[in-house]
Structures are given as structure tokens and as C-alpha cells.
Amino acid sequence: MEMINPPPWNSKSNPNTPHDDIDYSMTSPLDASGANYPCKGYHSVLGTAAGKSVATWAPGSTQTVSIGGTAVHGGGSCQLLLSFDGGHSFKVIQSVLGDCPITSTWDFTLPTDIPSGDAVFAWTWFNRLGNREMYMNCASVTIGGGQQRRDGEVYTNSTRRGVDFNSAPNLFAANIGNGCGTEEGGDVDFPNPGSAVVRRGGFSPRAPIGNCAGGGGSSGPSKPEPSSEPVPSPSASSPSGSAPSSTTDGEWSQPRPTDSGEWNKPSATNDGEWNKPAPSSADDGMWRPSSSAAPPSPSISAPDWGNWHNNGSSSAEPSAAPAPSPSSGKKTCKRVRRHKRRMNHGKRGHF
């Protein structure tokens, strides 16, 4: 299906379309990806001879739109729209619910407060049966009260007559890869059809599906959020980056640092510091008697000078002095002195 009146851009019905630019597939829908939205991509003719206005309409006047073709796909819902920014945004001036475009010609009334000047008039259609599609044709028109744009002139020649037109709902878009769709077997019920609505007798409403601008419709399946494994946070008593403690798996592990972050020498104590053992009574090299237990008798050897002793024999081993008696330290000292005298006497005899 295609719009015939007013004749759209690149249509064989438009006298401004160069012969080589005629689109003989004007009845085809927009690309499902939305690549040629809006107006099948033909809004590029604005500012050229092919984009000249084909009609002049006065605000508040009644106009007629005609749709041609035979593949009505069971009807559906349509919208009529106007744009004053070169097709970047569209405002709804009428919504037709049901049997569109089975009824191929009908009237509509322009708002009385629309700006005057150059405008883009658009027709959109969402078919009831068949593939989920969006059809759109656009034409250049002039709203009375403004001066028509000359070729090559910037498309901004419009004068505001009021503010209500800007508060009209925006164009409804679906089935063009924008996350919004329509259900087959019914007529899409526009979430915000505007104030001028035509409901036909065969209207079978279906809410749009997915994420559709303008509210209404059911939400499509949302993408699940990626799950993440919980990461254990380090405890206050174990600083991050601490070495593992020893385990029972037969492997040696480096000891843990203490809370201060310093490595302590292992010890039998549990205060985290290495303590030198207290010296015992025998660690200073001096023997002291004990009343509770007698210490082992030390073995005192005389120095070996390799000389003949006073007994006239040589000895490779030094003679050992008798062990001191644990009962008397004085007796032990006397024996040691007598032994030294004998040793000295033997030395004098050999010089």
C-alpha cells in the first residue's frame, strides 16, 4: 500500500520526481532494521526540486488523504502526522483505529494552532495480518501563512501560531528494530493516539508489545543481569596478602604474619615475640653446689705438653685429676694445687 494524495517523495504520482528516481516499490514497508526510517530515507530530497511542496493547506482546514494498492492485509491502524524540522520529529494530527486502509480515502482536519510554513506530511500504517511491518510515505506541503522555501534554502521557514501543536503526541514507531512491536491478528491500539481519533467498526484492539514510547503495551523479555560469585572480604585480623598458614596436607607453608604486618620468630611463647631463655646457674662456667641435687662431676684433664712426667714414663694421654668431691669445694682445690706442684717438679728435673 502507498499514499497517493498528497503525492509522496520519489513516487510516480509526484510531478516533481525525476523519472530516473521513481520508486516502483513505494508499496513496500520500511526495512525491519529501521535503516530507511523515516520516509524510506527519501527526506534527503528536501531542498531540491524533487522536494518541492505539492499542496498548500490552511490551519484548521479539512483535507483529504488517499491510499492506493490492493494488499490491505486485513486492515490495521494508521496515523497522519506533520513535521516542521525536516522529518526529524513528527506530531500526530489524526489516528485511525481499525479498517485502515480498507477505507482508502478519508478526511482529516488540521489543527488551528499549527505553525505556518514548510512542513512534511506523513502517513504510517501497521497491518493487521501478515508480517509485522511498518509502512511510511512522506510528502512536502506548505501550511498557509508562510512563504514557500526556494530551492537550496534551509528548511526552517515556519512561523508558530500557538503552543498546543507541540504538546501533541509523537509518532508511534514499531517493527523497525526499536524494541517495540505489534501483534498479528488485531489492530494496534496506539498508546497515545492524540485528540483526533477515528475508530472504525471493525476495530479489534491489540496493545503494542515490547518497550514502546508513549506508554502502554506489555514489556518484552528483559536481558538477565549477569550473576557474579560473592568475593569473601578479608577479616580485620588477617591483613590482605598474608601468606598461607601451615596445613595438614604434608606441605610446609610459610607462617602467617602477625596483625602488625611483621614476621615474628617462632617460639614456645604465645606473645608473638621470641624470648631468650633465662640463663641457668651453670651457664657461666662456674660450678656451684646444690643442696637438692648434686651436679655431675666435671672431668678435669691436665694439659698435655708432651713431656716426661715425674714417674719416668711418657704418656700420650694426659693424666686425669681426681674428680672433686661434691661435698667439699675446698678439698677439691687442694688436690688440684698438689697436682700442679708435682707437674712443675717434673719439669724442673728435665731442664
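By UniProt numbering, the letter at position 320 of the sequence shown is numbered 320, and the numbering carries on one by one without gaps.
Using N, Cα and C, we set each Cβ at its ideal position, and we do this for glycine too.
The criterion of a C-beta distance shorter than 8 Å is satisfied by residue 18 and residue 50.
Residue 136 has its alpha-carbon roughly 17 Å from the corresponding atom of residue 103. Each residue's CA atom was taken as its position, placing residue 190 and residue 21 some 34 Å apart. Excluding sequence positions up to five before and after residue 29, its CB lies within less than 7 Å of the CB of 133, 134 and 135, all in the same chain and listed in chain order.
Annotated three-state conformation of residue 179 is coil, per DSSP. Under the three-state reduction of DSSP output, residue 98 falls in the coil class, being neither helix nor strand. Excluding five sequence positions before and after residue 107, the CB atoms of its chain that fall closer than 6 Å to its own CB belong to 62 and 64, given in chain order.
C-alpha of residue 32 to C-alpha of residue 204: approximately 24 Å in a straight line. Residue 141 sits close to residue 53, with the two beta carbons spaced by under 8 Å.
Residue 93 and residue 109 have their C-alpha atoms spaced approximately 8 Å apart. In this structure, the CA atom of residue 122 is about 23 Å from the CA atom of residue 207. Annotated three-state conformation of residue 41 is helix, per DSSP. Taking residue 99 as the centre and dropping the five residues before and after it, the same chain places the C-beta of 75, 200 and 202 closer than 6 Å to its C-beta, in chain order.
In summary, residue 35 is exposed, with fewer than 16 beta-carbon neighbours lying within 10 Å of its beta-carbon over all protein chains present.
Between residue 144 and residue 58, the C-beta spacing is below 8 Å.
DSSP places residue 13 outside both helix and strand once states are collapsed to three, so it counts as coil. Under the three-state reduction of DSSP, residue 87 is assigned to coil, being neither helix nor strand. 196 is the residue among 196, 42, 84 and 114 whose C-alpha sits nearest the C-alpha of residue 97. Using a 10 angstroms sphere on the CB of residue 37, the tally of other CB atoms reaches 16 or more, which defines it as buried.
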